[in-house]
Amino acid sequence: MKYFHLRLPFSLAPLLLQSITGVVSVLPSPNFVNQVENVTVTAGRNAVLQCEVEHLRGYKVAWVQVKTQTILTIHNAVITRNPRIGLSHEKNIYRLHLKDVVEEDRGLYMCQINTDPMINQMGYLQVV
C-alpha cells in the first residue's frame, strides 16, 4: 500500500478541515485595543507613545517614524541606531520612548502589525 502526502495551499486548509470535521475554528485577527494617543512634550524632556494590541499570535509590532520612513523598533528590538530611542514591552502594550526630545522628533509615529495587509495606527508627537 502506498501513502502520499497532500500539500494544500494555506487558504484551503480550513475548508478541508471543515469538510472533514464539520467544524471550523477561526482565531481572531490581530488588532488594536486603543488608539495611539497624541503626545505633547517640551523640548529636552522625554516622551512615550503607547500602542496596545491583542491577538498577536506570531505577528510582530513595529514603530516607524513616518516623515523619515525609519523603522525604529520591531517587536522587542530597537532597530535604529539613535541612542535616544527606546522600547518597553509589557504583555500587549508596546511603548516607544524618546529621550531628550528635539524639534526634529516632531511628527507622526506609526505603530504597525505585520499582517497581510499590514494594519497600523498613528500618533502625533508635538514638541513645544
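Using mature numbering (1 follows the signal peptide of the UniProt record, and there is no 0), the letters of the sequence shown correspond one by one to residues -25 to -1, 1 to 103. We put the CB at the ideal spot given by N, CA and C, even for glycine.
Pairwise C-alpha distance: residue j and residue i
i      : j       : result
ASN51  : CYS26   : 13 angstroms
GLN40  : MET97   : 10 angstroms
VAL102 : HIS30   : 33 angstroms
PHE7   : PRO58   : 28 angstroms
LEU62  : LEU24   : 10 angstroms
VAL77  : LYS66   : 30 angstroms
GLY82  : VAL(-2) : 44 angstroms
ILE54  : THR43   : 14 angstroms
CYS86  : GLY33   : 16 angstroms
ILE88  : ILE94   : 6 angstroms
THR45  : ASP91   : 20 angstroms
Beta-carbon proximity of residue i to residue j, cut-off 8 angstroms
i     : j     : result
LEU71 : VAL16 : no
VAL36 : TYR84 : no
Cβ neighbours of residue i in the same chain (closer than 6 angstroms, five flanking residues each side left out)
i     : result
LYS74 : ASN21, ARG59
SER4  : none
Residues near residue i in its chain [Cβ-Cβ closer than 8 angstroms; skip 5 each side]
i     : result
GLU12 : LEU24, GLN25, GLY98
VAL14 : ALA22, VAL23, LEU24, GLY98, TYR99, LEU100, GLN101
Best match in the options for proximity to residue i [C-alpha to C-alpha]
i     : options                    : result
GLU79 : THR55, ALA18, PRO92, ASN9  : ALA18
HIS64 : THR45, VAL14, VAL28, GLN10 : VAL28
7 angstroms Cβ shell around residue i - same chain, five flanking residues per side excluded
i     : result
THR48 : ALA37, TRP38, ILE54, LEU62, LEU71
GLN10 : GLN96
ARG56 : none
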